[in-house]
Amino acid sequence: MGFAIFLLLLTVLGAGAAAAWVPVARGGQWLKPLLAFSGAYLFTLTVTHILPEALQLLPEHPTRVGYWVLGGFFGQLLLEVLSQGVEHGHVHVHHEAAHSPHEGVSRVPFLLLAALVVHSFLEGSILVHSPEVGQVSQNFYAIVVGVALHHMPAAFALATLLRLRLGSFRRVWPGLLIFALASPVGIVISNYVVLSQLLSSGWYAALLGLVAGNFLHVSTTILFETSPEHRLNWPKLAATLAGLLLALAVA
592 MGFAIFLLLL TVLGAGAAAA WVPVARGGQW LKPLLAFSGA YLFTLTVTHI LPEALQLLPE
652 HPTRVGYWVL GGFFGQLLLE VLSQGVEHGH VHVHHEAAHS PHEGVSRVPF LLLAALVVHS
712 FLEGSILVHS PEVGQVSQNF YAIVVGVALH HMPAAFALAT LLRLRLGSFR RVWPGLLIFA
772 LASPVGIVIS NYVVLSQLLS SGWYAALLGL VAGNFLHVST TILFETSPEH RLNWPKLAAT
832 LAGLLLALAV A
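Our numbering puts the last residue of the sequence shown at 842; the count rises by one with no breaks.
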């Protein structure tokens with residue numbers, strides 16, 4: 592458990608710190624293959640582990656899981672209105688750079704940060720490592736890696752956007768740290784604070800369905816956006832297949 596929390600913190604802070612030295616245009620060169628890899632990996636884990644686990648926890652009411660999946664899918668659509676797509680590596684450089692130093696500096700995008708925190712907290716909250724949980728617990732670290740991979744481009748995009756808005760990378764760290772802590776806080780609460788209530792009331796199945804819908808939206812958006820012109824791009828195709836195969840291998 593401690594390793595999972597450390598990995599998530601290190602991933603976000605490390606990827607965010609990279610934004611201080613890697614130009615946005617150059618960052619996009621490695622972000623796209625990484626996005627394709629993480630999208631395929633996350634999609635595969637959702638279909639093979641998270642959704643089946645949710646259905647097994649509520650075998651008599653599978654339709655309820657479907658409702659929660661729909662809620663997570665369309666709820667993420669609303670969150671992205673606030674987050675501007677930072678979850679999948681979007682940085683609206685031209686919009687942010689258009690601000691004059693006096694207009695843009697010192698304006699922290701609180702709604703964007705709040706949307707990312709909610710998104711990240713939910714991801715961490717399903718990471719329950721308990722014998723009473725089946726596939727998610729058995730593949731706990733595989734799913735942790737999926738969340739960490741997903742957070743890397745998000746952290747890079749968030750740090751870049753905050754630097755453009757605030758005018759100084761030093762002022763980026765508080766927002767980046769808040770984002771980094773969201774998933775670990777979700778892990779701690781689910782595993783040590785409300786675990787018995789989650790498992791005895793059926794709320795864990797609902798939470799899995801909600802996050803599965805969330806993951807399906809994010810991963811499919813990533814996969815579609817990496818090939819917007821529907822052209823064969825070998826690096827992205829290789830990254831996508833690598834993500835798929837790795838997720839199947841760790842099952």
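Where a beta carbon is used, it is the ideal one built from N, C-alpha and C, also for glycine.
| Query | Result |
| --- | --- |
| Cβ-based burial, residue 672 [other Cβ within 10 Å; buried from 16] | exposed |
| Beta-carbon proximity list for residue 795, same chain, < 6 Å, skipping 5 on both sides | 789 |
| N- and C-terminal bounds of the alpha helix (DSSP H) containing residue 738 | 731 to 757 |
| Cβ-based burial, residue 678 [other Cβ within 10 Å; buried from 16] | buried |
| Helix, strand or coil at residue 675 [DSSP, three-state] | coil |
| Rounded straight-line distance, which links the Cα of residue 797 to that of residue 656 | 6 Å |
| Proximity below 7 Å, CB of residue 599 to CB of residue 775 | yes |
| Coarse secondary structure for residue 781, derived from DSSP in three states | helix |
| Extent of the continuous alpha helix (DSSP H) run through residue 791 | 786 to 792 |
| Length at least 4, wholly inside the segment 632 to 678: the alpha helix (DSSP H) runs in chain order | 642 to 648, 653 to 674 |
| Burial state of residue 714, where buried means 16 or more other Cβ atoms lie within 10 Å | buried |
| Of the listed residues 743, 645, 744, 800, nearest to residue 723 (C-alpha basis) | 645 |
| Straight-line gap, residue 835 to residue 742 (C-alpha atoms, nearest Å) | 18 Å |
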